[in-house]
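Asker:
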Amino acid sequence: MTWPIRQDLVQNPTQLTSLLRSRFGQVESDVADLIALAGLGGGTVWHADSGVSSSGNGKTWGTAFKTITEAVAAASAGDTILIKGTAFDEAVTLTSKAGLRLIGAGTGPNQTTWTDTTVDTVCLTINSSDVIAANIKF
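Plus 1251 on top of the position in the sequence shown (first one is 1) and you've got this note's numbering.
1. Nearest to Gly1350 by alpha carbon, out of Ile1334, Gly1336 and Ala1384?
2. Are there 16 or more other CB atoms within 10 angstroms of the CB of Asn1378, so buried, or fewer, so exposed?
3. Looking at the structure shown, is Val1296 part of a helix, part of a strand, or coil, going by DSSP?
4. In angstroms, rounded to a whole number, what distance separates the CA positions of Gly1336 and Gly1302?
5. Rounded to whole angstroms, what's the CA-CA distance from Asp1340 to Lys1310? Just pull it up for me.
6. Less than 8 Å between the C-beta atoms of Ala1322 and Ala1299, yes or no?
7. Does Lys1388 pass the burial test, meaning 16 or more other C-beta atoms within 10 Å, or should it be called exposed?
8. Let me check understanding here. Comparing Cα to Cα, which of Ala1324, Val1382, Asn1386 and Thr1376 lies closest to Gln1362?
9. Where Leu1353 and Ile1334 are concerned, what is the direct C-alpha to C-alpha distance, given to the nearest angstrom?
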């Protein structure tokens, strides 16, 4: 089945997330995977989940990285990082990652939460163009 991609939704991942949930009722991680694979990314899709006991290769939820830092290190420009979990406490700087997409895969009490209490109050520094961060509580 082929679905037309509305450009206004491609530019607004939060709106696309809401539309997909309302139409298909998917669980949170499935919706995030659909968004990443429906044309927002291109490139490779990486997974980070603060709830895993140890890091894998980041290629699926079952082998997710434990930290966003690891996912960013693996990612290239134009990739998508899907982020699930409520306990990310790290500072990340994006350099030479143009077009990278960071998409939270949780909602409500399970919304992806990212803070930095160990270094300072800045948890994300972007030194790249066209980076998208969506559905993440900072």
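Even for Gly, the Cβ is constructed at its ideal location relative to N, Cα and C. This structure is a prediction, so every number in the text was calculated from the model and none was measured.
Answerer: By the coordinates alone:
1. Sorting Ile1334, Gly1336 and Ala1384 by C-alpha distance to the C-alpha of Gly1350 places Ala1384 at the top.
2. exposed
3. strand
4. 6 Å
5. 22 Å
6. yes
7. exposed
8. Asn1386
9. 7 Å
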